[in-house]
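Below is one structure, written out as structure tokens; comments come after it.
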Amino acid sequence: MNVKAKGYILGAVAAATYGMNPLFALPLYKAGMDPDSVLFFRYLFAIPILGIMIKARGRSFKLGRKEIIPVIIMGLLVALSSLTLFQSYNYMEVGIASTLLFVYPIIVALIMSVVFKEKLTLQTILCILLALVGIAMLYRGGDGTPLNLKGIILVMVSALSYAIYIVGINQSALKNVATLTLTFYILLFGLSLFFVRSDFGNNLYVVNKWYLWGNLLALAIFPTAISFLCTTRAIQYIGSTPTAILGALEPVTAVFFGVAVFGESLTPRICGGILLIILAVTLIIAGSNITTHLVRVRKLFPKLPVSRKRKRNSIQ
């Protein structure tokens, strides 16, 4: 198998494994766990996995003095994005929530235009309109009833906070921090949000069945460690843009599990809305300069630094 084929397969696996979040989270909700407890244990189990990766690759845990405050802020933004997304699962179908979250590259484009005065191209404007049409088509669930407004607000807050994180991490002192070290501390400081929200651990819901612990461990392994490793390798093999485009498989995976495992409905209107949003985001990634901001931070896990030679090859 050639390098490009490996890259596309790894990119697809990275996106699909991240789309497994609802598959492991919803059974935990059914058992009585709240989003704060689920995410606390997800982050807690993922941190040592990343720590082992850092040691295995000979990376340093050291942060510069000027990097501490930014990484705390970024960690809290990522935790807020995770929390509001997982909370939205209580108010709407997981496939729709994951699709709405996927508009974050469009929000990045808007932030770069408004705050950093990047030119908003006609293609970007058309993609934004296309995404808005797709969102409008998703406004009613499969049974025809309007989506819960609180759920919509939660998932939009998730997309916005993640978009701010993406822009912030590329515009701060953190842009030169080694990827594994950066991700380790982002999860570590993000964990503090769930610890405080659970009354410093007093209100954490601890599961009492082995298979539920398996779900928590799976959250740390599949949407976290495996997604991270496959993303970094895919970017090195095929470049950032194709890898980001393959991210469209994330909401597709979530929709598949929502329908196949949790019995969620899938009407032609919902399919049309999902396809319009995926098309709009794919066109933005493929045709605008925001790809440079998405390179390092696909779904919590930025890419490893690559050599100038390899970077030049990926551009070609």
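Position 98 (the sequence shown) corresponds to 97 in numbering that gives the first Met the number 0; numbering is contiguous. Glycine residues also receive a C-beta, built at the ideal position from the N, C-alpha and C atoms.
Item	Value
Can you name, in chain order, every residue of its own chain whose Cβ lies under 8 Å from the Cβ of I244, other than the five neighbours on each side?	T281, I284 and A285
Measuring CA to CA, which of I273, F194 and G257 is closest to R36?	Before going on, a small fix: residue 36 reads as Ser here, not Arg. When each option's Cα is compared against that of S36, the closest is F194.
Let me confirm a value: G63 is counted as buried when at least 16 other C-beta atoms fall within 10 Å, else exposed. Which label applies?	exposed
For V70, tell me which candidate among P104, L173, A55 and T252 has the shortest Cα-Cα distance.	L173
Helix, strand or coil: which one does DSSP assign to C139?	It is Arg, not Cys, that sits at residue 139 in the sequence shown. Correct three-state label for R139: strand.
My understanding is that L248 touches A45, with C-beta atoms under 8 Å, so please give their C-beta distance in whole angstroms.	Actually they do not touch by this definition, with Cβ atoms about 21 Å apart.
Could you say if the segment 15–22 and the segment 249–267 meet the contact criterion of at least three C-beta pairs nearer than 8 Å?	yes
Is it a yes or a no for the segment 151–158 touching the segment 99–107, going by three-plus beta-carbon pairs under 8 Å?	yes
Could you name the residues of the same chain whose beta carbon sits closer than 7 Å to that of A219, not counting the 5 residues immediately before and after it, in chain order?	R41, F44, A45 and I48
Measuring CB atoms only, is the segment 128–136 touching the segment 262–274, in the sense that at least three cross pairs come out at less than 8 Å?	yes
Pull up the distance between the alpha-carbon of Q86 and that of L153, whole angstroms please.	7 Å
Are the segment 54–61 and the segment 172–186 touching by the rule of at least three beta carbon pairs closer than 8 Å?	yes
If contact is defined by three or more beta carbon pairs under 8 Å, each pair taking one atom from either stretch, is the segment 221–239 in contact with the segment 117–132?	no
Within 10 angstroms of the Cβ of V347, are there 16 or more other Cβ atoms? Answer buried if so, exposed if not.	Residue 347 is absent from the structure shown; the chain starts at 0 and stops at 315.
Do G238 and E92 count as a contact pair if the criterion is CB distance below 7 Å?	no
Which residues mark the beginning and the end of the alpha helix (DSSP H) in which S87 is found?	R64 to S87
Name the residue from I225, A30, D198 and S97 whose alpha carbon lies nearest to the alpha carbon of G10.	I225
Should S36 be flagged as near chain C, meaning a C-beta pair shorter than 7 Å?	In the structure shown, chain C does not exist; there is a single protein chain.
Is the closest heavy atom of the ligand FMN to the C-beta of L82 under 6 Å?	Absence of the ligand FMN from the depicted structure is noted, as is the absence of any ligand whatsoever, leaving it without description.
By how many angstroms is the C-alpha of P34 removed from the C-alpha of G200?	14 Å
Pull up the distance between the alpha-carbon of M0 and that of L211, whole angstroms please.	37 Å
When the Cα atoms are used, what is the spatial distance from A30 to F183?	29 Å
Could you tell me the distance, in whole angstroms, from the CA atom of L27 to the CA atom of N169?	35 Å
Are the beta-carbon atoms belonging to I163 and L38 less than 7 Å from one another?	no
Measure the alpha-carbon distance for L129 versus N207 and round it to whole angstroms.	46 Å
Note down the Cα distance separating V12 from K5, rounded to an integer number of angstroms.	10 Å
Take the Cβ of L79 as the centre, count every other Cβ of all protein chains shown within 10 Å, and call the residue buried at 16 or more, exposed below.	buried
How far does the alpha helix (DSSP H) with I106 in it extend, from its first residue to its last?	Y103 to V113
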